[in-house]
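Everything on this sheet refers to the single structure shown next.
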Amino acid sequence: MGRRLLTSLEMLEPSTPVQYVKGIGPRLAEVLAGKGIHTVDDLLHYLPFRYEDRLNPRSVAELHAGEMATVIAEVRNSGLFRTRRMPIFQLTVGQGRSRLKCLWFNAAYLQDRFQAGQMVALYGKVEADRDGQLQIMQPQFEILGDVNEEGGADLAEKNAAASLEIGRIVPIYESTGKLTPRWFRCIIRSALENLNPDLPDPIPPAVRAHLSLVSPREALWKVHWPDAGESFADLQSARTPGHIRLIFDELFFVELGLELKRREQKAQTGIAFQLDDRVREAIKKILPFHPTGAQKRALKEIAGDMQTPFPMRRLLQGDVGSGKTIVAFEAAIIAIENGYQVALMAPTEILAQQHYFSARQILEKGGYRTVLLTGSLEQDRKRAVRRHIAQGNAQLIIGTHALIQDRVEFEKLGLVMVDEQHRFGVMQRLKLMKKSDDARVGTGDSPVPPGGGARLSTDAEPDVLVMTATPIPRTLALTLYGDLDVSVIDELPPGRTPVVTRCVPDERAPEVWDFVGKQIAAGHQAYVVYPVIEENEERELKAAQQMHRQLRDKIFPDLHVGLLHGRLDADDKERIMREFQRNEIQVLVSTTVIEVGVDVSNATVMVIEHADRFGLAQLHQLRGRIGRGASKSYCVLMHGGKVSEEGERRLDAMVRTNDGFQIAELDLELRGPGEFFGTRQAGIPSFRVANIIRDRQLLEAAKREAAFVIAGPNPDISQDEINRALKHMRSRWALSYGLVEVG
Ligand code: ADP
Ligand code: MG
Numbered sequence: 001m002g003r004r005l006l007t008s009l010e011m012l013e014p015s016t017p018v019q020y021v022k023g024i025g026p027r028l029a030e031v032l033a034g035k036g037i038h039t040v041d042d043l044l045h046y047l048p049f050r051y052e053d054r055l056n057p058r059s060v061a062e063l064h065a066g067e068m069a070t071v072i073a074e075v076r077n078s079g080l081f082r083t084r085r086m087p088i089f090q091l092t093v094g095q096g097r098s099r100l101k102c103l104w105f106n107a108a109y110l111q112d113r114f115q116a117g118q119m120v121a122l123y124g125k126v127e128a129d130r131d132g133q134l135q136i137m138q139p140q141f142e143i144l145g146d147v148n149e150e151g152g153a154d155l156a157e158k159n160a161a162a163s164l165e166i167g168r169i170v171p172i173y174e175s176t177g178k179l180t181p182r183w184f185r186c187i188i189r190s191a192l193e194n195l196n197p198d199l200p201d202p203i204p205p206a207v208r209a210h211l212s213l214v215s216p217r218e219a220l221w222k223v224h225w226p227d228a229g230e231s232f233a234d235l236q237s238a239r240t241p242g243h244i245r246l247i248f249d250e251l252f253f254v255e256l257g258l259e260l261k262r263r264e265q266k267a268q269t270g271i272a273f274q275l276d277d278r279v280r281e282a283i284k285k286i287l288p289f290h291p292t293g294a295q296k297r298a299l300k301e302i303a304g305d306m307q308t309p310f311p312m313r314r315l316l317q318g319d320v321g322s323g324k325t326i327v328a329f330e331a332a333i334i335a336i337e338n339g340y341q342v343a344l345m346a347p348t349e350i351l352a353q354q355h356y357f358s359a360r361q362i363l364e365k366g367g368y369r370t371v372l373l374t375g376s377l378e379q380d381r382k383r384a385v386r387r388h389i390a391q392g393n394a395q396l397i398i399g400t401h402a403l404i405q406d407r408v409e410f411e412k413l414g415l416v417m418v419d420e421q422h423r424f425g426v427m428q429r430l431k432l433m434k435k436s437d438d439a440r441v442g443t444g445d446s447p448v449p450p451g452g453g454a455r456l457s458t459d460a461e462p463d464v465l466v467m468t469a470t471p472i473p474r475t476l477a478l479t480l481y482g483d484l485d486v487s488v489i490d491e492l493p494p495g496r497t498p499v500v501t502r503c504v505p506d507e508r509a510p511e512v513w514d515f516v517g518k519q520i521a522a523g524h525q526a527y528v529v530y531p532v533i534e535e536n537e538e539r540e541l542k543a544a545q546q547m548h549r550q551l552r553d554k555i556f557p558d559l560h561v562g563l564l565h566g567r568l569d570a571d572d573k574e575r576i577m578r579e580f581q582r583n584e585i586q587v588l589v590s591t592t593v594i595e596v597g598v599d600v601s602n603a604t605v606m607v608i609e610h611a612d613r614f615g616l617a618q619l620h621q622l623r624g625r626i627g628r629g630a631s632k633s634y635c636v637l638m639h640g641g642k643v644s645e646e647g648e649r650r651l652d653a654m655v656r657t658n659d660g661f662q663i664a665e666l667d668l669e670l671r672g673p674g675e676f677f678g679t680r681q682a683g684i685p686s687f688r689v690a691n692i693i694r695d696r697q698l699l700e701a702a703k704r705e706a707a708f709v710i711a712g713p714n715p716d717i718s719q720d721e722i723n724r725a726l727k728h729m730r731s732r733w734a735l736s737y738g739l740v741e742v743g
């Protein structure tokens, strides 16, 4: 067995497990797996996060303090000395009469490495010590050879020329555990050297030509080992031809998948809903207010989709409080009036319940039959509700997304709406949609040929509308929602006054409670939000409960103070929300379960404790719970003594602006796209080399090229080339996102 493995070492394929790369065994392979590196391909896409220019060795005599320099010199002496705090290793090298001192902290391990007479290459920042002597702290080093040995001088020279460390632009990799940048240099170098030279290029030649892309092999070599002439600025900003090729690769195959999905959906048979005067009248009848211009426009776009015989796949985007719900209800009426059922899914039970209340209030006028289906319903009730749904008695079905995932049987499902989509990631959404595909009446899974081609199936796909409050910059919407059309509500309902936001240290809590008391005396209500973060849930929940007791018993003994958190059972949650909605509770102490969607317009104060511990998007969502009526609203961000620098920036941003777009941009900047969109929930494709903020333009190019490929063969591109690209795309999607069914 061991022998067989040895022969397979000779030539590495991209798919070869890293364990078989020379120098990596099963143990290190495990460490690498922790970094997401499983195959040779993964390893080769572990790119340097920066580069060092170690091109020109300098002579010791001309060094000056403050510069980064490469020096090749001879070892004169070395030794370890111990200070009270740590052992320090000191090396002195020389060139003729010039001397240079090098120091390494905590480096007893270097003790026997150097001998007088060796040639070493050193790289680091030159500094002047207290006596004005030049020194380099913690330099990178490489022992090139020993001039005292026979032929040693020649060898040293040869080594210097071939060095991975010196005399070139050197890649710096993020180290991980014991794996140093230097280790990565050697390993990646060896993997590149042993890589099968005939790497197929899955990107069609026409696309390659459009963007002047270099070959994958060349790209890999050059991002790891840049030529001496490469622009340093381009390297640092990932804009060399090699970088561009690798980044484009990654984006292109994601876009190809989304584009295919989009075409496929468009090619399916949908429901052509009728929108005649009768339906229009029905909508008018329920409207509790005049829709804003933006709401009208959004509804028009949605209704337009619904009338076509193709399935709608649309995203409705609008900042918190912009009024998405009513638009959703209008769409629901179109479907119901056409004799179809509608499912509305919310990310939390509380939000589902709230939608259920408002649906009943608003839609009752039209006599529509609405049911609530959430995971925590009692079995009997759940069964009864399911029966209503299956028999077609229920027209609007509101629930958490468990609703669809539990394979609910609908009698005639025509429209699926997913609220607060930002809580679901892209990949999750694709899976949800897959479920809603499954939920259609009947089945029929014939594959769709690339390039469209109507599907011969009589099964109608339900329309899908997803709603989000996350204001996503357009280019990002392209990747994340590349398979959706987008409507935007960019106008708030009339009469809103911007929320006033203040940061207040904990010591001033008495003033805050005083203020809250005054607002309540004026007839308003308040939220007090306490962070409960999963890791410390137990302890923090206790803190929230304690806070509740204190507010109830000590601070507002004359008021009704409620407590809401995720651990309550459904009935309690429902009761508390209802009481708050009716102003039977004046102060609602809550965890972030109220973050999304909750709508009580009489609430004008939001106090957020430990506000510095919340993410920016979360703070914005929370603040979105107030400022929903005509009265002036106040958001108070409380914080204890020590706030991290990033926490400070978040709080500042909240005080500075109410604009969801600005907040989203800043949040992206602070957290990076992965965290922003919740990679942890497998939300966004986690890119190995691309960064969708930095690489916006390549993203647009990738989208364009994906559309070109999906459009089908033409003189520039053959069906074979298209098929090859699609095949590669599928394996990438399967590998990275576990979604085999795409395409
Ligand atoms: P979101 O977009 O955050 O889901 P909602 O749909 O919950 O916002 O609406 C926020 C509040 O604004 C609700 O109280 C709703 O009744 C109200 N609202 C929505 N549209 C209008 C409008 N055109 N005129 C007045 N009030 C509106
Ligand atoms: Mg909403």
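Numbering (this note's numbering), first residue to last: 1 to 743.
Every residue gets a Cβ at the ideal spot worked out from N, C-alpha and C, and that includes glycine.
These numbers were taken from a predicted model, which means no experiment stands behind them.
- Look at His639: its beta carbon is at least 7 Å from all of the heavy atoms in the ligand ADP.
- Secondary structure note for Phe708: its alpha helix (DSSP H) is the uninterrupted segment Arg696 to Ile710.
- Of the other Cβ atoms in all chains shown, 16 or more fall within 10 Å of the Cβ of His355; this residue is therefore buried.
- Taking the Cα of Thr501 as reference, the smallest distance to any Cα among Ile143, Leu299, Gln317 and Leu622 is reached at Leu622.
- With 16 or more other Cβ atoms inside 10 Å of its own Cβ, Lys324 counts as buried.
- The beta carbon of Ile585 sits closer than 8 Å to the beta carbons of Gln525, His560, Val561, Gly562, Ile576 and Glu579 from its chain, once the five residues preceding and following it are set aside; these are given in chain order.
- Using a 10 angstroms sphere on the CB of Lys573, the tally of other CB atoms reaches 16 or more, which defines it as buried.
- Judged by DSSP in its simplified three-state form, Asn77 adopts strand.
- Of the residues Arg650, Leu372, Leu351 and Thr348, the one whose Cα lies closest to the Cα of Val342 is Leu372.
- Taking C-beta atoms under 8 Å as the contact rule, Asp419 and Leu344 qualify, at a distance of about 7 Å.
- For Val31, the three-state secondary structure derived from DSSP is helix.
- Membership of Gln525 in the beta strand (DSSP E) is indicated by the continuous run Gln525 to Val529.
- When C-beta atoms of the segment 168-181 are compared with those of the segment 208-219, fewer than three pairs fall below 8 Å, so the two segments do not count as touching.
- Counted as a single uninterrupted DSSP element, the alpha helix (DSSP H) harbouring Ser358 occupies residues Glu349 to Leu363.
- Judged by DSSP in its simplified three-state form, Pro510 adopts helix.
- Its chain contains Leu192 as the residues whose beta carbon lies nearer than 7 Å to that of Trp221, once the 5 sequence neighbours on both sides are disregarded; these appear in chain order.
- If you look at Ala328, you'll find it in the alpha helix (DSSP H) that goes Lys324 to Glu337.
- In the three-state reduction of the DSSP assignment, Asp201 falls in the coil class.
- Secondary structure within the segment 8-73: the alpha helix (DSSP H) runs of 4 or more consecutive residues, fully enclosed, are 26-34 and 40-44 (chain order).
- Look at the segment 174-230 and you find these whole runs of alpha helix (DSSP H), each 4 residues long or longer: 181-193, 205-211 and 216-224.
- DSSP, read as helix, strand or coil, puts Asp558 in coil.
- In the three-state DSSP reduction, Tyr634 falls in the strand class (E or B).
- The residue from Ser98, Gly124, Gln118 and Ala238 with its alpha-carbon nearest to that of Asp53 is Gly124.
- Within the chosen limit of 7 Å, the ligand ADP reaches the beta carbon of Phe289 through at least one heavy atom.
- Under DSSP, the beta-bridge partners assigned to Met137 are Leu103.
- Contact check between the segment 331-341 and the segment 287-295: fewer than three CB pairs, one atom from each, fall below 8 Å, which does not count as touching.
- Distances from the CB of Thr325 to the heavy atoms of the ligand ADP include at least one below 7 Å.
- In this model, Phe49 and Ile172 are separated by some 6 Å (Cα to Cα).
- For the ligand MG, no non-hydrogen atom lies closer than 7 Å to the CB of Asp319.
- Burial state of Ser78 is buried, judged by a 10 Å Cβ sphere holding 16 or more other Cβ atoms.
- Boundaries for Met306: no beta strand (DSSP E) harbours it, while the alpha helix (DSSP H) harbouring it runs Gly293 to Gln307, taken from the DSSP string.
- In the DSSP assignment, Ala272 falls outside any beta strand (DSSP E), carrying neither H nor E.
- By the criterion of a C-beta distance shorter than 6 Å, Ile188 is surrounded in its chain by His224, once the five residues flanking it on both sides are discounted.
- According to DSSP, residue pairing for Tyr123 in a beta bridge involves Thr70 and Gln140.
- Separation of Leu199 and Asp463 (C-alpha to C-alpha, rounded to the nearest whole angstrom) is 42 Å.
- Thr604 is classed as buried because its beta carbon has at least 16 other beta carbons within 10 Å across all chains shown.
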